[in-house]
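Q: Take 2 as the starting number for the sequence shown in the numbering used here and just add one per residue. Every residue gets a Cβ at the ideal spot worked out from N, C-alpha and C, and that includes glycine. Starting off with a structure, shown below.
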Amino acid sequence: MSEGNRCQFTDTMIHVAELDSAARFWTSAMGMIEVERSDTGIILEDPDSKQRITLVSSEFETNYALALATSNMKATLDLLRARGANVPEPVKADSGLEYALCKDPFGIPIMVYVTESATED
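Next comes the structure, spelled out in structure tokens:
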């Protein structure tokens, strides 16, 4: 990313049809622990490595996406567009989260969202 516009990788999102069933699988079979829950997603964490996955209901056609946090949505989306990504206009969720569901030039889904805690260099 360009100077002053750094994204922070936060987690991998797995898109599921039934959040509670998926959470039961990942906690009972895979040993993950639930650390946060909303109506649209559940964040799970490996208790040892602290790696996270987020189970979500989503608009993407694939079963996964990467999540990147940024403190400067416009600059990040402009840079992604300039590099050939498919970038829609950002939307604001009822929760207040501002995000854009992008795809890189190879079709890999990326959710870019705004957070004040994203690292800026």
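#1: Leaving out the 5 sequence neighbours to the left and right, which residues in its chain are closer than 7 Å to Gly85 when beta-carbon positions are compared?
#2: Assign Met1 to buried or exposed, taking buried as 16 or more other Cβ atoms, counted over all protein chains shown, within 10 Å of its Cβ.
#3: Mapping the DSSP letters down to three states, classify Met33 as helix, strand or coil.
#4: Given this structure, state the Cα-to-Cα distance separating Leu69 from Thr55, to the nearest angstrom.
#5: Contact between the stretch 44-58 and the stretch 14-23: three or more CB pairs below 8 Å?
#6: How would you write the range of the alpha helix (DSSP H) that Arg82 sits in, first residue to last?
#7: Leaving out the 5 sequence neighbours to the left and right, which residues in its chain are closer than 7 Å to Asn87 when beta-carbon positions are compared?
#8: In this structure, what does DSSP give as the bridge partners for Arg1?
#9: If I measure Cβ to Cβ from Gly108 and keep anything under 7 Å in the same chain, skipping five residues before and after, which residues do I get?
A: Taking the definition as stated:
#1: The count along the sequence shown starts at 1 and reaches residue 85 at position 84. Within the same chain, Gly85 has close Cβ partners Pro106.
#2: This structure cannot speak to residue 1, because the chain is shown only from 2 to 122.
#3: If you number the sequence shown from 1, residue 33 lands on position 32. In this structure, Met33 counts as coil in the three-state DSSP scheme.
#4: Along the sequence shown, one-based indexing puts residue 69 at 68. Along the sequence shown, one-based indexing puts residue 55 at 54. Straight-line Cα distance between these residues: approximately 12 Å.
#5: yes
#6: The sequence position of residue 82 within the sequence shown is 81, counting from 1. Unbroken alpha helix (DSSP H) run through Arg82: Met74 to Ala83.
#7: Along the sequence shown, one-based indexing puts residue 87 at 86. Closer than 7 Å at Cβ, skipping near neighbours: Cys103 and Lys104.
#8: The requested residue 1 does not occur in the structure, where the chain is confined to residues 2 to 122.
#9: Mapped onto the sequence shown, residue 108 falls at position 107. Around Gly108: no qualifying Cβ.
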